[in-house]
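**Student:**
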Amino acid sequence: VVVSGTTDRVIKVDGRLVAIGASDNPITFTSQAGSAGGQWDGLAFHPGSSGVLRYGSLRYGGTYNGTAISSLSVDGTSGVTLDHFQILDGASPGEASHGLSVLGGARLAASDLVIGGHTGSGVWVENATLTLSSTQVMSNATGVGLGTGAAITLTGNVLQGNSGYGLDAQSVTGQMGLGGNSFVNNGTSMRLWADVVRSDNFTGNTFSGSNTAVEFVGGVLNASTTWPALSGHVYKLLDHVNINAGKTLTVQAGVTVQTVAERGLKVYGALTTLGTASDPITFTSV
938 VVVSGTTDRV IKVDGRLVAI GASDNPITFT SQAGSAGGQW DGLAFHPGSS GVLRYGSLRY
998 GGTYNGTAIS SLSVDGTSGV TLDHFQILDG ASPGEASHGL SVLGGARLAA SDLVIGGHTG
1058 SGVWVENATL TLSSTQVMSN ATGVGLGTGA AITLTGNVLQ GNSGYGLDAQ SVTGQMGLGG
1118 NSFVNNGTSM RLWADVVRSD NFTGNTFSGS NTAVEFVGGV LNASTTWPAL SGHVYKLLDH
1178 VNINAGKTLT VQAGVTVQTV AERGLKVYGA LTTLGTASDP ITFTSV
């Protein structure tokens, strides 16, 4: 089935929407014009609603849908299943438009998605919980953006070619799960608080491309952790980062840590640097 929407119109789900295609026979939600983002408002799951979106695509949405400026929004519900689905090419005149927005206390587990071509975040989470796996988030202004109250687990995803940040978590100080993700050719790989980084949620990710920096907007290390060395990988401190008493930061051989003016690394616990003669550690200015 092909469902095509028109300007300023949206599918609003207060009941249940079931759209189950097949790998060789997908379902398509698109605009009538079928040529550019913002030509319709997309899909909006409201509180208490439910649904299944599987083997299909949503394209050319992204204007305000009554809940968010987003192609697909899931608001205040835990009853939506989303997998093997593409969310592409969303836009809104003069405003950042997200691909998938998870809001209002919603709890969503999604996998095997392709999300790309949005003027905001490919995935935006605020006051909600998202578990995302085996997904490509590519060619957006930001890959995954987190607002206040977001809780997220990212496993086995590829965040690639996003012009700003692969992951922008500057509004979140709680713990996140980040395992086995690949950050490729983003403007900057990550922006986050040091508080969220632990050895068990950070060391399984890979970074490649022209700018593989991880930016810390400040914070404290409340748990012992390791900053791993990866090819071309730089940690940038945009504000003070504190190592709390009783905690240890281990910096692996080959790591470069850069800081902006009047900011640095404050050690109240322990700092262990594991450089070698052939692979030193560098602390320097941006």
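With the numbering used here as the guide, the letters of the sequence shown map in order to residues 938 to 1223. C-beta: ideal position from N, C-alpha, C; glycine also.
(1) Considering only DSSP beta bridges, list what Ala1047 is partnered with.
(2) Ends of the beta strand (DSSP E) at Arg1128?
(3) Look at the Cβ atom of Gly1036, then the Cβ atom of Tyr997, and state whether they are nearer than 9 Å.
(4) On a CA-only basis, which of Asp1049, Ser1058, Ala1043 is nearest Gly1027? Give me that one, please.
(5) Could you name the residues of the same chain whose beta carbon sits closer than 7 Å to that of Asp1176, not counting the 5 residues immediately before and after it, in chain order?
(6) Tell me which residues share the same chain as Ala1047 and place their Cβ nearer than 6 Å to its Cβ, disregarding the 5 neighbours each side in the sequence.
(7) Report, in whole angstroms, the separation of the C-beta atoms of Val1017 and Phe982, which I expect to be a contact under 8 Å.
(8) Go to Ala981, then tell me how far its beta strand (DSSP E) extends in each direction, as first and last residue.
(9) For Gly1042, which residues in the same chain have their Cβ closer than 7 Å to its Cβ, ignoring the five residues on either side in sequence?
(10) Run the proximity test for Leu1019: is its beta-carbon closer than 8 Å to any non-hydrogen atom belonging to the ligand SAH?
(11) Go to Ala1207, then tell me how far its beta strand (DSSP E) extends in each direction, as first and last residue.
(12) With a threshold of 16 other CB atoms inside 10 Å of the CB of Asp1216, please say whether the residue is buried or exposed.
(13) Taking the continuous beta strand (DSSP E) assigned at Gly1228, which residues delimit it?
(14) Among all the DSSP beta bridges, which residues are the ones paired with Tyr1172?
(15) In chain order, what residues of the same chain have a beta carbon less than 6 Å from the beta carbon of Val938, not counting five sequence neighbours either side?
(16) From what residue to what residue does the beta strand (DSSP E) around Asn1179 run?
(17) Can you list, in chain order, the residues of its chain with a C-beta nearer than 8 Å to that of Tyr1142? Leave out the 5 residues immediately preceding and following it.
(18) If you run the structure through DSSP and keep just helix, strand and coil, what is Asp1132?
**Tutor:** The answer reads as follows:
(1) BP columns for Ala1047 point to Leu1019, Leu1069.
(2) Per DSSP, Arg1128 is one residue of the beta strand (DSSP E) stretching across 1125-1129.
(3) Taking 9 Å as the Cβ cut-off, Gly1036 and Tyr997 do not qualify as a contacting pair.
(4) Of the listed residues, the one whose Cα sits closest to Gly1027 is Ser1058.
(5) Sequence-distant partners of Asp1176 (beyond 5 residues in either direction) whose C-beta falls short of 7 Å from its own C-beta, in its chain, are Val1154, Gly1155, Arg1200.
(6) Excluding sequence neighbours, Ala1047 sits near Leu1019, Leu1069.
(7) Between Phe982 and Val1017 the Cβ distance is about 5 Å, and since that is below 8 Å, they are a contact.
(8) The continuous beta strand (DSSP E) containing Ala981 extends over residues 980-982.
(9) Correct list, in chain order: Gly1013, Asn1064, Ala1065.
(10) Of ligands this structure carries none, so the ligand SAH is not represented either.
(11) Per DSSP, the unbroken beta strand (DSSP E) holding Ala1207 starts and ends at 1207-1211.
(12) Looking at its Cβ environment, which holds fewer than 16 other Cβ atoms inside 10 Å, Asp1216 is exposed.
(13) Residue coverage of the chain in this structure runs from 938 to 1223, which leaves residue 1228 outside it and unanswerable.
(14) Beta bridge pairing from DSSP links Tyr1172 with Val1151, Val1194.
(15) Counting only Cβ-Cβ distances below 6 Å, and skipping sequence neighbours, we find Ile964.
(16) 1178-1180 is the span of the beta strand (DSSP E), which, as asked, contains Asn1179.
(17) A small correction: the amino acid at residue 1142 is Asn; Tyr does not occupy that position in the sequence shown. For Asn1142, where only same-chain residues beyond five positions count, the Cβ hits under 8 Å are Leu1115, Gly1116, Gly1117, Asn1118, Ser1119, Phe1120.
(18) Helix, per DSSP.
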